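Residue numbers (this note's numbering): 28 to 229. Glycine is no exception: its CB is placed at the ideal position from the N, C-alpha and C atoms. Being a predicted model, the structure only gives us computed values, none of them experimental.
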Amino acid sequence: MRLTQWGAALTGAAALLLTACTVVDLDEFGKPIMPADPNAKASFDNKTPQQIAQQTWQPRILDVARNHALDASALTTQLNAPAAKPQSVFVRLTGKVERVDASNEREQKLVMTVNGQPVEIQSGPVMRGNAIRDAAGFRFDEFTNQVQYAQLSRALNREAVKHLPKIDDSWSGKDATVLFAATLNAGKAVDATALELKQETP
28 MRLTQWGAAL
38 TGAAALLLTA
48 CTVVDLDEFG
58 KPIMPADPNA
68 KASFDNKTPQ
78 QIAQQTWQPR
88 ILDVARNHAL
98 DASALTTQLN
108 APAAKPQSVF
118 VRLTGKVERV
128 DASNEREQKL
138 VMTVNGQPVE
148 IQSGPVMRGN
158 AIRDAAGFRF
168 DEFTNQVQYA
178 QLSRALNREA
188 VKHLPKIDDS
198 WSGKDATVLF
208 AATLNAGKAV
218 DATALELKQE
228 TP
């Protein structure tokens, strides 16, 4: 083999080796910083929790809730046979509003009865808990960090309030239909958070 051929062969081999290698940055301890798996990349990069709540409200919250909400019977079954760990679900109830708790103007609730037990359903303007986020199946690995994930709960609760009517004592004793998210824990429905709320026509 002539020298020029050897040179060409060596150059080609070196190029191939360089192509196959990936330059990896090192951290402060000299260990390689592995690039993130693009398939595991957060879905909501560069979005605020408020933007995520608005973007997902219809397809991921309301549509899923309307199609998969438990009724009173299914909710009772789950409350009577509680899971080992808390779980959040969507529920639709139609029945009498036993009372309205407006003792705290910023955290009003209406109370309905399921299986003889009162269920307090938050209607705002301030609502607490992670029930909406968790019932919708948002996963931590979809988010940039823990802060964004935690703040989404508050953003979803605020989004819910935008779509709810104002309630007062006049709702007491009236029939209503409520679509809500709740966390089932130790046989109780806690942090119930209204998504839709309407009085039924007598």
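Open item on the list: Using the three-state DSSP reduction, which class does Arg185 fall into: helix, strand or coil?
Closed with: In the sequence shown, counting from the first residue as 1, residue 185 sits at position 158. Here Arg185 sits in helix by DSSP.
Open item on the list: Please state whether the Cβ-Cβ distance between Leu206 and Glu223 is less than 7 Å.
Closed with: As a working note, residue 206 is residue 179 in the sequence shown. As a working note, residue 223 is residue 196 in the sequence shown. When the beta-carbon positions are compared, Leu206 and Glu223 come within less than 7 Å of each other.
Open item on the list: Given this structure, state the Cα-to-Cα distance separating Ala101 from Thr171, to the nearest angstrom.
Closed with: Taking the first residue of the sequence shown as position 1, residue 101 is located at position 74. Taking the first residue of the sequence shown as position 1, residue 171 is located at position 144. Rounded to the nearest angstrom, the two C-alpha atoms are 35 Å apart.
Open item on the list: Rounded to the nearest angstrom, what separates Ala209 and Trp198 at their Cα positions?
Closed with: Taking the first residue of the sequence shown as 1, we reach residue 209 at position 182. Taking the first residue of the sequence shown as 1, we reach residue 198 at position 171. One C-alpha to the other measures close to 21 Å.
- [ ] List the residues that DSSP assigns as beta-bridge partners of Lys215.
- [x] Here residue 215 corresponds to residue number 188 of the sequence shown, with the count starting at 1. The partner list for Lys215 (beta bridge, DSSP) reads Asn212.
TODO: Within its chain, find whatever has a CB closer than 7 Å to the CB of Asn1; leave out the 5 residues flanking it on each side and keep chain order.
DONE: The structure shown does not extend to residue 1, since the chain is modelled only from 28 to 229, so the question has no answer here.
Open item on the list: Between Asn131, Gln135, Phe71 and Lys215, which has its C-alpha nearest Ile194's C-alpha?
Closed with: Taking the first residue of the sequence shown as position 1, residue 194 is located at position 167. For Ile194, the nearest C-alpha among the options comes from Gln135.
Task: C-beta atoms of Asn117 and His95 nearer than 7 Å - done: By one-based count along the sequence shown, residue 117 stands at place 90. By one-based count along the sequence shown, residue 95 stands at place 68. For clarity, residue 117 is Phe in the given sequence; the question names Asn instead. Result yes, Cβ atoms of Phe117 and His95 sit closer than 7 Å.
Task: Beta-carbon proximity check, Ala158 vs Asp218, cutoff 7 Å - done: Position 131 of the sequence shown holds residue 158. Position 191 of the sequence shown holds residue 218. Taking 7 Å as the cut-off, the beta carbon of Ala158 is found closer than this to the beta carbon of Asp218.
Open item on the list: Quick test of your reading: Ala80 and Leu183, contact by CB under 8 Å. State the CB separation rounded to the nearest angstrom.
Closed with: Here residue 80 corresponds to residue number 53 of the sequence shown, with the count starting at 1. Here residue 183 corresponds to residue number 156 of the sequence shown, with the count starting at 1. Their Cβ separation, rounded to whole angstroms, is 5 Å, which keeps Ala80 and Leu183 in contact under 8 Å.
Open item on the list: Quick check on this structure: which residue in Ile88, Val153 and Thr204 has the alpha carbon closest to the alpha carbon of Asn131?
Closed with: Mapped onto the sequence shown, residue 131 falls at position 104. With distances taken between Cα atoms, Asn131 lies closest to Val153.
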